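Numbered according to our numbering, the sequence shown spans residues 8 to 556.
Every residue gets a Cβ at the ideal spot worked out from N, C-alpha and C, and that includes glycine.
These numbers come from a predicted model, not from an experiment.
A quick write-up on the structure given underneath.
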Amino acid sequence: MILKLVAATGSPSVLITGGRPLTVGRVASCDLQIQDPTVSRHHAELELAGAGVRVRDVGSTNGTYLDGVRVIDALATPGSRVAFGKVDFEVLVVQPPALEEERFEGEGSLDATVLRQVPVSGRSDIASQLAEGPPGSSLLRIGGQSLADRQTRKLNLLLDIAKELSRQTEVDRLLDKVVGLIFQVMNVDRVAVMTSEDGGELVPRVWRSRVEAPAGSWRVPRAIARKAVEERVAVLSESLPAGEDPGAEIESALCAPLLGGQGTVLGIIYLDSVGIGHSFSEEDLEFFTAFAGMAAVGIENGQLIERMRREAVVLSNFQRYFAPDLARQIAGQEGEIQLGGAKRRVVVLFSDIRGFTSLSERMNPDAIASLLTDYFTEMVEIVFRYGGTLDKFMGDALMALWGAPISRVDDADRAARAAIAMQQVLGRLNERWGLLGRPELSIGIGLNVGEVFAGNIGSQRRLEYTVIGDAVNTAARLCSEAGPGEILIAEPLYAALGQPPPVSALTPWPLRGKARPVPVYRIEWEGVVVDDEATGSRPVIKTQGIGLE
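Following this line, the structure appears as structure tokens:
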């Protein structure tokens with residue numbers, strides 16, 4: 008299958024045909040060059056994956072979107088819309104381009120001797136290839152004047168079956184198609200597909216019968232299924248004992264394992280005939296074995312697509328809250344991130360713009376939105392740079408965490424450095440904004456550490472990661488009391504710092520719900536240099552060039 012990304016304006020476009028990943032970006036060396044200011048120099052990568060295109064963002068500034076949702080690594084299926092920055096594309100299925108006449112040498116008639124020619128079909132038409140009934144001893148509905156003709160018909164039928172199965176990207180629909188095709192091409196009475204679940208247990212997924220029988224009156228013979236799975240062989244069996252199946256006397260049965268690419272057993276296909284004189288032949292076994300192999304490929308591809316879709320959902324939910332590398336780590340931990348949560352020790356940071364209500368009354372909505380977007384973009388990058396988790400935006404306020412869902416020994420130091428960097432970066436932003444006539448912003452920041460409930464609240468398709476507890480309330484109260492340019496920290500956080508910055512002890516504050524006043528410190532961040540490269544992965548705080556131990 009050949010897929011094509013076509014821009015909404017019709018140009019540019021690119022064919023996705025497999026092989027190496029294709030690059031997307033603004034530079035001329037990219038396979039898909041997009042001359043747009045919202046597209047980064049090296050923006051994304053594209054790769055054919057099953058029935059779709061795997062789209063990977065490589066750290067672009069303005070992001071990559073799948074059907075309106077920002078993604079890092081996702082599968083785009085035919086009909087999906089992919090956007091790089093603000094440039095939209097559609098994923099289309101295209102037919103292979105016809106060979107042009109000038110690519111061939113010579114013109115006119117063919118001089119070579121044609122020994123044999125076989126018509127090549129386009130879209131699959133299985134029904135037209137089938138005979139009214141199975142000839143001879145076979146239960147396969149294929150005619151033919153000779154053995155060679157019959158072999159050709161079987162090969163063409165298998166090719167069309169492969170086309171049909173490749174169109175199904177959802178496993179449940181694929182299994183329905185598998186059973187339907189068996190009934191269509193073979194004169195069988197009953198068909199069952201079972202898949203391997205956790206622990207290797209075979210679980211029925213689809214089963215159908217042409218003969219009337221009470222629900223649950225027939226079962227796949229355990230001995231045949233076990234032999235197919237344990238020995239990785241297709242089995243032809245006749246005259247099964249009556250005790251094997253209480254619903255009917257089985258005249259003949261076929262069972263084949265569904266083997267994945269690494270030899271793993273994905274499940275089995277079982278079919279049988281209960282009528283006297285309706286026995287499967289060696290030819291049926293050979294055809295059924297090839298059919299099961301095609302079905303296994305389809306199932307494995309479907310499972311891969313489902314897994315990629317599931318990871319895309321996780322990434323689309325969590326990449327807004329975590330740094331890109333952390334979001335990919337979470338997406339790869341299947342089963343690790345679940346609904347609910349647990350108690351964890353976390354650092355909580357609140358920041359809030361001072362005087363924003365009065366400021367917004369003097370600005371139009373578009374200017375406010377633009378200002379907040381630029382401000383929050385810088386603040387979130389700082390949170391991610393120091394390994395934090397973005398919890399939420401609350402109007403002009405921001406809440407971030409350290410210690411959940413992944414904790415580090417220096418979470419308290421990371422949070423303190425992030426708070427200092429926020430104040431310092433805002434100062435540089437104000438200098439730049441002043442030249443553009445924008446108003447100056449100032450923020451107050453509050454931090455605390457303690458044991459809280461941390462977990463995912465929501466559904467499997469949309470999760471919100473958050474924390475609840477007294478430590479959160481204290482951090483929020485400190486933020487509300489902090490003046491413009493102040494960073495206030497509670498005593499538990501100060502005690503947890505491995506490399507404390509310069510602080511001033513304030514008079515203990517009485518807080519609602521606290522029996523005694525809470526010790527509070529103000530970080531004296533002016534003149535402090537946050538050095539991210541001094542020790543590699545362990546940044547340090549310096550004051551006037553002297554490291555604080």
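(1) Give the C-beta separation of A404 and L356 to the nearest angstrom, bearing in mind that I take them to be a contact with Cβ-Cβ under 8 Å.
(2) Given a cut-off of 8 Å, decide if A263 and F294 are closer than it, judged by their beta-carbon atoms.
(3) Rounding to the nearest angstrom, what Cα-Cα distance links V213 and L99 in this structure?
(4) Given a threshold of 16 other Cβ atoms within 10 Å of its Cβ, counted over all protein chains shown, does T396 qualify as buried or as exposed?
(5) Quick one: measure Cβ to Cβ for V527 and L504, integer angstroms, because I've assumed they're closer than 8 Å.
(6) Measure from the alpha carbon of V101 to the alpha carbon of each residue in T30, T24, G274 and Y72, then state which is nearest.
(7) Give a yes or no on contact between the segment 167–175 and the segment 300–316, applying the rule of three or more CB pairs nearer than 8 Å.
(8) Sort out for me which residues DSSP pairs V198 with in a bridge.
(9) Under three-state DSSP, which class holds F287?
(10) Candidates L454, Y277, G187 and A90: which alpha carbon is nearest I530's?
(11) Find the nearest neighbour of A83 within the set V62, A522 and I375, judged by alpha-carbon distance.
(12) With 16 other CB atoms within 10 Å as the buried threshold, where does S358 fall?
(13) In chain order, what residues of the same chain have a beta carbon less than 7 Å from the beta carbon of V432, not counting five sequence neighbours either side?
(14) Would you call the segment 360–378 in contact with the segment 407–417, where contact means no fewer than 3 C-beta pairs closer than 8 Å?
(15) Where M406 and D398 are concerned, what is the direct C-alpha to C-alpha distance, given to the nearest angstrom?
(16) Once the 5 residues before and after G342 are set aside, which same chain residues still bring their CB inside 6 Å of it?
(17) Indicate the three-state DSSP secondary structure (helix, strand or coil) for M401 in the structure shown.
(18) Consult DSSP for W532 and reduce its assignment to one of helix, strand or coil.
(19) If you draw a straight line from the C-alpha of V185 to the C-alpha of G300, how long is it?
(20) Counting pairs of Cβ atoms below 8 Å between the segment 38–53 and the segment 76–95, do you hit three or more?
(21) Straight-line CA distance for E493 to S18?
(22) According to DSSP, which residues form a beta bridge with K11?
(23) With R63 as the anchor, note down where its alpha helix (DSSP H) starts and where it stops.
(24) I think S259 touches E245, with their Cβ atoms under 8 Å apart; what is that distance to the nearest whole Å?
(25) Check for me: the alpha helix (DSSP H) holding Y501 runs from which residue to which?
(26) If you reduce the DSSP assignment to three classes, tell me which class R88 lands in.
(27) Tell me, which residues are paired with N69 by DSSP?
(28) Entirely within the segment 348–412 and at least 4 residues each: give me those alpha helix (DSSP H) ranges in chain order.
(29) How would you write the range of the alpha helix (DSSP H) that L166 sits in, first residue to last?
(30) Ends of the alpha helix (DSSP H) at L442?
(31) DSSP three-state label for A489, please.
(32) So, using beta-carbon positions, are G268 and E177 closer together than 8 Å?
(33) Grouping DSSP H, G and I as helix and E and B as strand, with all else coil, what is I189?
Reading off the structure:
(1) Sequence index remark: in the sequence shown, residue 404 carries index 397 (1-based). Sequence index remark: in the sequence shown, residue 356 carries index 349 (1-based). Approximately 11 Å separates the beta-carbon atoms of A404 and L356; this is outside 8 Å, ruling out the contact.
(2) Position 287 of the sequence shown, counted from the first residue, corresponds to residue 294. Position 256 of the sequence shown, counted from the first residue, corresponds to residue 263. No. Outside cutoff.
(3) Taking the sequence shown and counting its residues from 1, one reaches residue 213 at position 206. Taking the sequence shown and counting its residues from 1, one reaches residue 99 at position 92. V213 and L99 have their C-alpha atoms some 32 Å from each other.
(4) For this step, residue 396 is matched to residue 389 along the sequence shown. T396 counts as buried, since at least 16 other C-beta atoms from the protein chains shown sit within 10 angstroms of its C-beta.
(5) Position 520 of the sequence shown, counted from the start, is the residue given in the question as residue 527. Position 497 of the sequence shown, counted from the start, is the residue given in the question as residue 504. In fact, because the Cβ distance is near 14 Å, the residues do not count as touching under 8 Å.
(6) Sequence index remark: in the sequence shown, residue 101 carries index 94 (1-based). Out of T30, T24, G274 and Y72, T24 has the C-alpha closest to the C-alpha of V101.
(7) With a cut-off of 8 Å, the segment 300–316 and the segment 167–175 count as touching, because enough Cβ pairs lie within range.
(8) Along the sequence shown, one-based indexing puts residue 198 at 191. DSSP lists R215 and L278 as partners of V198.
(9) Translated into the one-based positions of the sequence shown, residue 287 becomes position 280. F287: coil per DSSP, three-state reduction.
(10) In the sequence shown, counting from the first residue as 1, residue 530 sits at position 523. The option with the nearest alpha carbon to I530 is L454.
(11) Here the question's residue 83 lines up with position 76 in the sequence shown. For A83, the nearest C-alpha among the options comes from V62.
(12) Indexing the sequence shown from 1 puts residue 358 at position 351. By the neighbour-count criterion, in which 16 or more other beta carbons inside 10 Å mark a residue as buried, S358 falls on the buried side.
(13) Taking the sequence shown and counting its residues from 1, the one referred to as residue 432 is at position 425. Cβ-Cβ distances below 7 Å link V432 to E385 and I389 in the same chain, with the five nearest sequence neighbours on each side left out; the list follows chain order.
(14) Output reads no: the segment 407–417 does not touch the segment 360–378.
(15) As a working mapping, residue 406 is identified with position 399 in the sequence shown. As a working mapping, residue 398 is identified with position 391 in the sequence shown. Annotation: M406 to D398 spans about 5 Å, alpha carbon to alpha carbon.
(16) Here the question's residue 342 lines up with position 335 in the sequence shown. A caution first: G342 carries a pLDDT of 48, below 50, which makes its placement in the model unreliable, though a value can still be read off. Once the five neighbours on either side are set aside, G342 has no close Cβ partner at all.
(17) To locate residue 401, count along the sequence shown from 1; it is residue 394. Secondary structure of M401 (DSSP, three-state): strand.
(18) Along the sequence shown, read from residue 1 onward, the residue named residue 532 stands at position 525. Under the three-state reduction of DSSP, W532 is assigned to coil, being neither helix nor strand.
(19) Here residue 185 corresponds to residue number 178 of the sequence shown, with the count starting at 1. Here residue 300 corresponds to residue number 293 of the sequence shown, with the count starting at 1. Using only the alpha carbons, I get a separation of about 11 Å.
(20) At 8 Å Cβ cutoff, the stretches touch.
(21) For the purposes of this step, residue 493 is taken as the residue at position 486 of the sequence shown. For the purposes of this step, residue 18 is taken as the residue at position 11 of the sequence shown. When rounded, the distance between both Cα atoms is 51 Å.
(22) Taking the first residue of the sequence shown as position 1, residue 11 is located at position 4. Paired residues: L22 and L99.
(23) The residue given as residue 63 occupies position 56 in the sequence shown. Looking at the DSSP string, R63 is not in any alpha helix (DSSP H); the run it does join, the beta strand (DSSP E), is G59 to D64.
(24) Taking the sequence shown and counting its residues from 1, the one referred to as residue 259 is at position 252. Taking the sequence shown and counting its residues from 1, the one referred to as residue 245 is at position 238. The Cβ separation is near 5 Å, so the contact holds.
(25) As a working mapping, residue 501 is identified with position 494 in the sequence shown. Annotation: the continuous alpha helix (DSSP H) that includes Y501 extends over E498 to A503.
(26) For the purposes of this step, residue 88 is taken as the residue at position 81 of the sequence shown. It is a strand residue.
(27) By 1-based counting over the sequence shown, the position of residue 69 is 62. Paired residues: none, contrary to the question.
(28) List check, alpha helix (DSSP H) in window: 363–368 and 372–392.
(29) Here the question's residue 166 lines up with position 159 in the sequence shown. Counting along the chain, the alpha helix (DSSP H) containing L166 begins and ends at L154 to S173.
(30) In the sequence shown, residue 442 corresponds to position 435, counting from 1. Start and end: D418 to L442.
(31) Counting from one through the sequence shown, the residue named residue 489 turns up at place 482. Annotated three-state conformation of A489 is coil, per DSSP.
(32) For the purposes of this step, residue 268 is taken as the residue at position 261 of the sequence shown. For the purposes of this step, residue 177 is taken as the residue at position 170 of the sequence shown. Taking 8 Å as the Cβ cut-off, G268 and E177 do not qualify as a contacting pair.
(33) For the purposes of this step, residue 189 is taken as residue 182 along the sequence shown, with counting starting at 1. Here I189 sits in helix by DSSP.
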